[in-house]
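Take a look at the structure set out below.
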Amino acid sequence: TPCWQVRIGRHALDHRLFFVVGDFLANLAVGVIVAAIAWWLVPFGANMWFAMFAMMALGMVVGLIFFFPVGMKLGAMEVMIPVMYSGMWSGMMVGMVAAMTPLHLGHALALGAACGVAEITFIWIVNTLLRGVTREADGA
C-alpha cells in the first residue's frame, strides 16, 4: 500500500491482526532471549548496579539486532523502539535478580517474557493515548 493510502483510525497499521500478533511475539521473543543471555552472563553475588546497567545496554543491542529481520515484515518504527525497550527492561530485571539471588533458567525466561509482554502493552496504551481522537478527511 502506498504511503498516501495508509489510513488513520480503525484501519491504522497497528490494529491489523498480523501487526498486533507480530509486535507481541517479537517483544516476547526479545524478552526471553535477553533474559537467557543475562542469566548466563550475570553470576550470583555480582554487583547489582553493574549488572543492571550492563544488561540494560546488552538488551538494547540485542533488541537492535533482532529488529532487522522482524522490522522488514512489521515496519521500522513499529518494531525498533518496542523491542529495544523490551530488551532493556528484560536485561535490567533479570540481571539484577540474578545478581541478588540464585535464579533458575525457567524463572529467568518467565521474567523476560513478562517484561516483553508488559512493555509492548505499555507502549500500545501510551501510543493510543498520544494518538488521541482522529477524524478522517472528507473525500479521501
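Quick note, the sequence shown lines up with residues 979 to 1118 if you use our numbering.
All C-beta atoms in this analysis are idealised placements derived from N, C-alpha and C, irrespective of residue type, glycine included.
From a predicted model like this one, the values you see are computed outputs, not experimental measurements.
- Three or more Cβ pairs closer than 8 Å define a contact, and the region 1000 to 1007 meets that threshold against the region 1041 to 1050.
- Taking a C-beta distance under 8 Å as the contact criterion, residue 1107 and residue 1013 do not qualify as a contact pair.
- Taking every protein chain shown into account, the CB of residue 1052 has 16 or more other CB atoms within 10 angstroms, so this residue is buried.
- Every alpha helix (DSSP H) stretch that sits fully inside the region 1071 to 1109 and reaches 4 residues is listed by chain position as 1083 to 1109.
- Boundaries of the alpha helix (DSSP H) around residue 1009: 995 to 1019.
- Closest in C-alpha terms to residue 1097, from the list 1072, 1075 and 1066, comes 1066.
- About 5 Å separates the beta carbon of residue 1061 from that of residue 1008, a gap short enough to meet the 8 Å contact definition.
- Shown here, residue 1046 sits in a helix according to DSSP, grouped into three states.
- Straight across, the Cα-Cα distance linking residue 1054 with residue 1084 is about 31 Å.
- In this structure, the alpha-carbon of residue 1080 lies about 37 Å from that of residue 997.
- Counting only residues of its own chain and dropping the five nearest sequence neighbours on each side, residue 1104 has no CB closer than 7 Å to any other CB.
- Put simply, the backbone Cα of residue 1021 is about 17 Å away from that of residue 1011.
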